[in-house]
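Heads up, the thing below is written out as C-alpha cells.
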Amino acid sequence: MTSSKFSGRAADPARRRAEEREKLIGLGRRSISKSYYPELRSRLDELEHFRALLDRVNDAILVVDADTGIILDVSGSADTLLDCDPDRLRGLCFSDILPLHIGRFADNLFHNKTRTVRLETEFLSPVSPDRPPVPVDLTLSLVSFRDKRQAIIVARDISERKQNERALKRSHDQLEKRVRERTRELDRANRAKSEFLSTVSHELRTPLTAVLGFAKITGKKLGNSIFPAIEAFADQELRTEMAMVRKNLEIIASEGRRLTMLINDVLDLAKMEAHRVEYDKAPIHPEDFILRTVEATSSLFDDSGLPLRLRIEPGLPMVEGDAGRLMQVMVNLFSNAVKFTSNGNITCTACAADSDVRISVADTGVGIRPECFESIFEEFTQAGQRQADRPAGTGLGLTICKHIVEGHGGRIWVESRVGSGSTFIFTLPVLKNA
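If you're matching positions, the sequence shown starts at -14 in our numbering and goes up one per residue.
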C-alpha cells in the first residue's frame, strides 16, 4: 500500500519537479523549517517566472560559448524560428545554423573588438534541410561570466519585412519602367510638337510677309495717288470711308507685325527646346548690349510716357555672350515692364556680384503673386493685368529669356509684391582671364 502511494506521487510531474528543485538547492523535506528555505524558494520561483517570460518573447535568444561556438542555451522563439526542439539545439555549433558563406566566418563574430555586433543574416533549420532559410536581424553581445566568455544572441524574424522590401522594389522597378516609357513618349511628343510648330511657323511666315508687303504698298498708293486725287470732290461720307480705309490698313500692318513677332517667338522656342540654337558668343561689355537695347526700344518708352532710369556700375567685367540674343532678353524684359506699368518708372540696373554680372529690370506696375514666380517662365503664361492701351503678349517672352540666360550659364528669377511692381533679375558669368 505504501509502495503504491509512493509510486503515484513519483508519477506526478508537478511533484517530481518540486522534489528535483529541492534537491537542486540541497534541501529535503526536513529542511523546510530552515529560515533560508523560503527565500531560496522565492528566488527560484522568480527565476522560473523570468525563464517562462523569456520563452514567450517573439525573438529567438541563444547563449553561445564564445570560445567554442557551442550553443549552451536557447529561449524565446528559437524553436519556432529554427523548426527544432530546444533540447536538440543545445550542444550544436552556432555556425551550423548559419548559411555557409556566413558560417565560415562565425568565429570572427566572437573575437571582435566591438562588444556588440548587429547584422542581417539567415538561419537554417538543423533538422529540416529543405526548409527555406529564415531572414533574421541579429544582435550579438559579448559578456563574461565566471571567467568564461559567452555571446548573447538575439535574433528577430524579418521575413515579413523582407517580403515587403521585395514587393516595394518590384513596385519601384515597375514605376521606374513606366517613368522611362512615359519620358520617352513625352520626348517624342515634344519633338513632334517642336517640329510641328517650326513647320507651321515657316508656312505662315511666307504668306504673312506677302500680306504685310501688299498692305504697305496699298497704303502708299492710296496715300500718294488715290486719296489726293479724290480729296477735292469728296463729300463728308467719302472722307469718312477714306479714314476708315487708312485705319484698317494700319490695323492690318500692326496685327501683321504682332503675328510676325509671335511666329518668330514660336520658331525661337521650338529651336531652343530642340537644342538647335547656336549662340554666336564673343567677349562683350554688358553695358554695350544694354545701351544698344535702350536705343532700339526708345519708341516703346516714348509711347508709354514712362521714363527709363539706367544705373550701370562703371567698369563692369566682360562676359561671353551672343549680343543679339542678350538684347532679345533685354527687349522682352523692357516690353513686359512697360506692358504692366501704368505710371511710375522703369529702372535698369547692372552691377558686379561675385563671379557674375547681375542685370535687373524693375517696374512700378501691378506686381506678381508669389505662387506665380515659377509659372511665369513657362510657355504661354502671363501673370498680372496688363494695361489696356498696351499690346497683348504671346506668353513666350519670359520662356525664351530663361532659355537664353541658361544657355549663357546664368539664371533668371523675379522678385515682386502685388501692387508694388516687379524686378526681373538675371546673371551672366564673368569672362575668365578677360
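We put the beta carbon where it would ideally sit given N, CA and C, even for glycine.
Which of helix, strand or coil DSSP assigns to residue i
i      : result
Gly76  : coil
Ser396 : For the record, residue 396 in the displayed sequence is Arg; it is not Ser. Note: Arg396 maps to coil in three-state DSSP.
Ile56  : strand
Cys69  : coil
Ala373 : Any reading at Ala373 is ruled out, since the residue's pLDDT is 47, under 50, leaving its predicted position unreliable.
Thr349 : coil
Gly382 : helix
Pro118 : coil
Arg141 : strand
Ala217 : coil
Lys98  : coil
Phe358 : coil
Phe129 : Contrary to the premise, residue 129 reads as Ser rather than Phe in this sequence. Ser129 falls in the strand class under three-state DSSP.
Arg261 : coil
Opposing strand residues paired with residue i [DSSP bridges]
i      : result
Pro268 : Glu305
Cys336 : Arg343
Pro414 : Asp341
Asp92  : Asp92 is not bridged to any residue.
Ser401 : Ser407
Thr124 : Arg103 and Val139
Ile331 : Leu293 and Asp348
Arg134 : Ser129
Endpoints, beta strand (DSSP E) assigned at residue i
i      : result
Thr191 : That residue, Thr191, is in no beta strand (DSSP E); its alpha helix (DSSP H) goes Ser144 to Lys206.
Phe286 : Here Phe286 belongs to no beta strand (DSSP E); instead the alpha helix (DSSP H) covers Ser283 to Ser289.
Glu105 : Thr101 to Phe108
Pro421 : Residue 421 is absent from the model: the chain starts at -14 and stops at 419.
First and last residue of the uninterrupted alpha helix (DSSP H) at residue i
i      : result
Ala298 : Note on identity: in this sequence residue 298 is Glu, with Ala being the wrong assignment. No alpha helix (DSSP H) contains Glu298, which DSSP labels as neither H nor E.
Leu254 : Gln221 to Glu258
Ile46  : Premise fails: Ile46 lies in the beta strand (DSSP E), Ala45 to Asp50, not in any alpha helix (DSSP H).
Leu85  : Leu85 to Gly88
Rounded Cβ spacing between residue i and residue j (contact assumed at less than 8 angstroms)
i      : j      : result
Ala91  : Gly54  : 6 angstroms
Asn317 : Pro292 : About 20 angstroms separates the two Cβ atoms, so there is no contact after all.
Leu123 : Ile138 : 6 angstroms
Arg134 : Ala51  : 4 angstroms
Ile269 : Ser345 : Not a contact, Cβ separation roughly 18 angstroms.
Pro118 : Glu107 : 4 angstroms
Met303 : Leu416 : 5 angstroms
Arg141 : Asp44  : 5 angstroms
Val399 : Ser407 : 6 angstroms
Ile297 : Ala335 : 5 angstroms
Leu189 : Ile237 : Not quite, the Cβ-Cβ distance comes to about 15 angstroms (not below 8 angstroms), so this is no contact.
Thr203 : Leu234 : 6 angstroms
Short CB-CB distance (under 8 angstroms) between residue i and chain B
i      : result
Pro292 : In summary, chain B is missing from the structure at hand, where a single protein chain is found.
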